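Chains as they are written, first to last, in the working numbering: chain A, 1 to 113; chain B, 114 to 228. From the three backbone atoms N, C-alpha and C, an ideal C-beta is built for every residue, glycine too. Predicted model, so just to flag it, every value in this text is computed and none were measured.
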């Protein structure tokens, strides 16, 4: 079936460090891929998306490239800030079999000043 | 910018009671969804709804759950007899048929606590 696997957390970084959160997926058809962010006590916010192979999604300094050959959608940011501390969810939707969004388990990021 | 809204933000109920969680999707959207997130766990799909009927549901969505679009704006999730394990954050989402590839807009969530 369709699924998303992302690296376990928590990830702890110092401010201005480079961030990578790995995400791989299994899907039939041609899904769209997403990263959502959840700040403490809040709901889900769409961070970025990519709709087809080799697309790069970007927002607020975060980037992720849809890699069909490796079925990956890794999240990166060149210089993290304390305010980036949150839980990050990789997700897919539009795979064969319906419109629902399938989420990874989430990766908690702590950024220290 | 249009957004999905949910009420209440926090609901506390006793085991065995019925609860109704309410959502107002974005006005021109045609697909509606409910998801839940048990504390510290992943977000799980419950049900999708289109054209006044359920289009897909997960194993979690058993006979205790029902959804309804009672008027042109609200979309509700009812849990008939709540259990302790129903305690979770419930997210409503909506999407516009044909807009971008299947992007869903999520509401802020309702935290349900069953005691």
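C-beta neighbour in chain A for residue i, strict 8 angstroms
i             : result
residue 222/B : yes
residue 123/B : no
residue 169/B : yes
residue 161/B : yes
residue 145/B : no
residue 207/B : no
Beta-carbon proximity list for residue i, same chain, < 6 angstroms, skipping 5 on both sides
i             : result
residue 146/B : 161, 206
residue 77/A  : 19, 61, 62
residue 224/B : 123, 202
residue 212/B : Low per-residue confidence applies at residue 212/B: pLDDT is 47, beneath 50, and the placement is therefore not dependable, though the value from the model is reported in the following sentence. Around residue 212/B: no qualifying Cβ.
8 angstroms Cβ cutoff, residue i in contact with chain B
i             : result
residue 42/A  : yes
residue 105/A : yes
residue 100/A : yes
7 angstroms Cβ cut-off: residues of chain B touching residue i
i            : result
residue 49/A : 216
Cross-chain neighbours of residue i in chain A, by beta carbon under 9 angstroms
i             : result
residue 166/B : The premise fails here: residue 166/B is roughly 14 angstroms from chain A at the closest Cβ pair, so nothing lies under 9 angstroms.
7 angstroms CB neighbourhood of residue i in its chain, flanking five on each side removed
i             : result
residue 127/B : 228
residue 222/B : 119, 202, 203, 204
residue 177/B : 192, 193, 194
Interface partners of residue i on chain B, CB under 9 angstroms
i            : result
residue 58/A : Ordered by position in chain B, no residue passes the 9 angstroms Cβ test against residue 58/A, which lies about 16 angstroms from the chain.
residue 89/A : 155, 156
Sequence-distant residues of the same chain with beta carbon closer than 8 angstroms to residue i, five excluded per side
i             : result
residue 156/B : 148, 149, 150, 204
residue 10/A  : 107, 108, 109, 110
Query raised in the report: When you check each C-beta in the region 175-205 of chain B against every C-beta of chain A, which residues fall closer than 7 angstroms?
Result: 204
Query - Secondary structure, beta strand (DSSP E): runs of 3+ residues fully inside the region 13-67 of chain A - result: 19-21, 23-26, 32-38, 45-50, 56-59, 62-65
Requested in this report: For the region 117-183 of chain B, list the beta strand (DSSP E) runs that are entirely contained and at least 3 residues long, ordered along the chain.
Outcome: 118-120, 123-126, 132-137, 144-150, 156-163, 166-170, 178-181
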